[in-house]
Amino acid sequence: MKKKKYNISVEATLEVIGGKWKCVILCHLTHGKKRTSELKRLMPDITQKMLTQQLRELEEDGVINRIVYNQVPPKVEYELSEYGSSLESILNALCLWGENHITKVYGDKFSVLEENVLNEHLK
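Per my numbering, the sequence shown runs over residues 297 to 419.
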């Protein structure tokens, strides 16, 4: 593996969790194991191709575990790895900042946020 140089350490973080969908996937996985179909249902705007790609990248980086059950039909679940669990405080901070931003820009966050298991604590 070629040694990489970063100008600032946050670049390394963003290399792993950056992009539109990775943090959303990780936030859902903080609530337990999920099958691909469950994640797709929770994130209706993501394409199947993008979801598969993001899951593979997160697995390659050691942030999530892919669990394959030896059964017919095949069953695959994803969960946060121990290493991935270390991101929970970062993910919580991002959610809190997002809630405050939505309130600042839109006033009522409930008029903007979808009903979702990740938003249950706001009620």
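Even glycine gets a Cβ: it sits at the ideal position worked out from N, Cα and C.
Small disclaimer: the values here were computed from a predicted structure and weren't measured.
| task | Report the rounded CA-to-CA distance for Ile363 versus Glu334, giving the unit in angstroms. | result | Translated into positions along the sequence shown, residue 363 becomes position 67. Translated into positions along the sequence shown, residue 334 becomes position 38. Rounded to whole angstroms, the gap between the alpha carbons of Ile363 and Glu334 is 15 angstroms.
| query | From Leu409 to Ile313, what does the alpha carbon distance come to, in whole angstroms? | reply | Numbered from its first residue, the sequence shown carries residue 409 at position 113. Numbered from its first residue, the sequence shown carries residue 313 at position 17. Roughly 22 angstroms between the two C-alpha positions.
| field | Backbone CA spacing between Glu378 and Gln350 [nearest angstrom] | value | Reading the sequence shown from its first residue, position 82 is the one you call residue 378. Reading the sequence shown from its first residue, position 54 is the one you call residue 350. Near 18 angstroms, if we compare the C-alpha coordinates of Gln350 and Glu378.
| query | Since Glu384 is in the alpha helix (DSSP H), which residue starts that stretch and which ends it? | reply | Mapped onto the sequence shown, residue 384 falls at position 88. Counted as a single uninterrupted DSSP element, the alpha helix (DSSP H) harbouring Glu384 occupies residues Glu384 to Tyr402.
| said: Using the three-state DSSP reduction, which class does Ile342 fall into: helix, strand or coil? | reply: Position 46 of the sequence shown, counted from the start, is the residue given in the question as residue 342. In the structure shown, Ile342 falls within a coil segment according to DSSP collapsed to helix, strand and coil.
| field | Glu375, DSSP secondary structure in three states | value | Along the sequence shown, read from residue 1 onward, the residue named residue 375 stands at position 79. In the displayed model, Glu375 falls within a strand according to three-state DSSP.
| message | Taking the beta strand (DSSP E) that Ile360 belongs to, which residues open and close that run? | response | Within the sequence shown, numbered from 1, the residue matching residue 360 stands at position 64. Ile360 to Tyr365 is the span of the beta strand (DSSP E), which, as asked, contains Ile360.
| query | How big is the Cα-Cα spacing for Ala308 and Gln367? | reply | One-based indexing of the sequence shown puts residue 308 at position 12. One-based indexing of the sequence shown puts residue 367 at position 71. When rounded, the separation of the alpha-carbon atoms in Ala308 and Gln367 is 38 angstroms.
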